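> There's a structure below that I have some questions on.
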Amino acid sequence: MELSILLYVLVGFVAQIIDGALGMAYGVSSNTFLLSLGLPPAAASASVHMAEVVTTGVSGISHWRLGNIDWKLVKRLLIPGVIGGVAGAYLLTSLDGDIIKPYIAGYLLIMGVYIIYKAFTKDGHVNDGTHTARVSFLGLVGGFCDAIGGGGWGPVVTTTLVARGKNPRLTIGSVNFSEFFVTFAESVTFVLTLTFSQYWQIILGLLIGGAIAAPLATRVTKKLPLKALMILVGTLIVILSIRTIYLVLV
146 MELSILLYVL
156 VGFVAQIIDG
166 ALGMAYGVSS
176 NTFLLSLGLP
186 PAAASASVHM
196 AEVVTTGVSG
206 ISHWRLGNID
216 WKLVKRLLIP
226 GVIGGVAGAY
236 LLTSLDGDII
246 KPYIAGYLLI
256 MGVYIIYKAF
266 TKDGHVNDGT
276 HTARVSFLGL
286 VGGFCDAIGG
296 GGWGPVVTTT
306 LVARGKNPRL
316 TIGSVNFSEF
326 FVTFAESVTF
336 VLTLTFSQYW
346 QIILGLLIGG
356 AIAAPLATRV
366 TKKLPLKALM
376 ILVGTLIVIL
386 SIRTIYLVLV
């Protein structure tokens, strides 16, 4: 029992280090791991987001203190992200887990490939004038995908904005800050539709590991090469997703 909690603590720690450094992949990596253990998609996504309520809050505050926030960008992302997240969470809880699981694994596989792809296609210029409507729509799509796949806010939102030329440091900080509100809204939706008593170890483990790592992760943002991290994380997600799909089909 205790070993299980320690395992989830480790997963939460590593996932939050990745998320704080890249502005993405906490949910994608955590959810991929949980699906590979056989959890239903709704339960896996709900567990990840319940833990993320705390970790995203700690991470967001850390980025705010370091001055990594673009408040105009936060304003454009926040409300559309919440709307998309609530819609995605409600849809996920309405579907049969056994039927949707291979599709969620497929989505996570695509996210892994997408992260690797973006590592090689990031633009070198900086452009802080991204169109408001496009950013808002991006937030809507990011929130929906995040709820459905247990993660995706970072891979969809952060990589797209950075590829368009947004300042990487401010983008990562702003997206992480906005993620708290999106995650909170998704978690409320899951709480109203699911029972969590049998998954408390997962939530607690992810929460503790993520909370410990969050302050450290914001420092990693400025020190580690973004491209190398994206390739590493994307490859890991692809491998785990292929494993999940294989287990579902066999």
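In this text, residue positions in the sequence shown follow the numbering used here: the first is 146, and each later residue adds one.
By construction, the Cβ of each residue, glycine as well, lies at the ideal position given by its N, Cα and C atoms.
Source: prediction; values computed, not measured.
Short of 8 Å in beta carbon distance, which residues of its chain neighbour G354, apart from the five on each side in sequence? Order them along the chain.
Here residue 354 is taken as the residue at index 209 of the sequence shown, counted from 1. So the list reads Y153, V154, L155, V156, G157, F158, V159, A160 and Q161, once near-sequence residues are dropped.
> Could you give the residue range of the alpha helix (DSSP H) that holds Y391?
The residue you call residue 391 lines up with position 246 of the sequence shown. From DSSP, the alpha helix (DSSP H) with Y391 extends over L371 to L394.
> If you measure between the beta carbons of F322 and V219, is that distance less than 8 Å?
Residue mapping note: residue 322 aligns to position 177 of the sequence shown, counting from 1. Residue mapping note: residue 219 aligns to position 74 of the sequence shown, counting from 1. In this structure, V219 lies closer than 8 Å to F322 by Cβ.
> Just to confirm my understanding: we take S149, look at its own chain, exclude 5 residues before and 5 after, and list those with CB closer than 8 Å. What are they?
Taking the first residue of the sequence shown as 1, we reach residue 149 at position 4. Cβ within range, chain order: Q346 and G350.
> Applying the 10 Å Cβ sphere with the 16-neighbour rule, what's the burial state of H270?
Working through the sequence shown from its first residue, we reach residue 270 at position 125. Low local confidence applies: a pLDDT of 44 at H270 is under 50, so the model's placement there is unreliable, and no value is given.
> Can you tell me whether G233 is helix, strand or coil according to DSSP?
Counting from 1 along the sequence shown, the entry for residue 233 is found at position 88. G233 falls in the helix class under three-state DSSP.
> Just to check my reading of the structure: L315 and N176 have Cβ atoms closer than 8 Å, yes? What is that Cβ distance to the nearest angstrom?
Position 170 of the sequence shown holds residue 315. Position 31 of the sequence shown holds residue 176. Actually they are not in contact, since the Cβ atoms of L315 and N176 sit about 27 Å apart, beyond 8 Å.
> Three or more C-beta pairs closer than 8 Å, one from the stretch 371–378 and one from the stretch 246–255: is that the case here?
Touching, no, given that fewer than three Cβ pairs across the two stretches are closer than 8 Å.
> Cα separation between L306 and V280?
In the sequence shown, residue 306 corresponds to position 161, counting from 1. In the sequence shown, residue 280 corresponds to position 135, counting from 1. Going by the C-alpha atoms only, they are around 8 Å apart.
> If you measure between the beta carbons of L222 and T389, is that distance less than 8 Å?
Your numbering for residue 222 matches position 77 in the sequence shown. Your numbering for residue 389 matches position 244 in the sequence shown. No.
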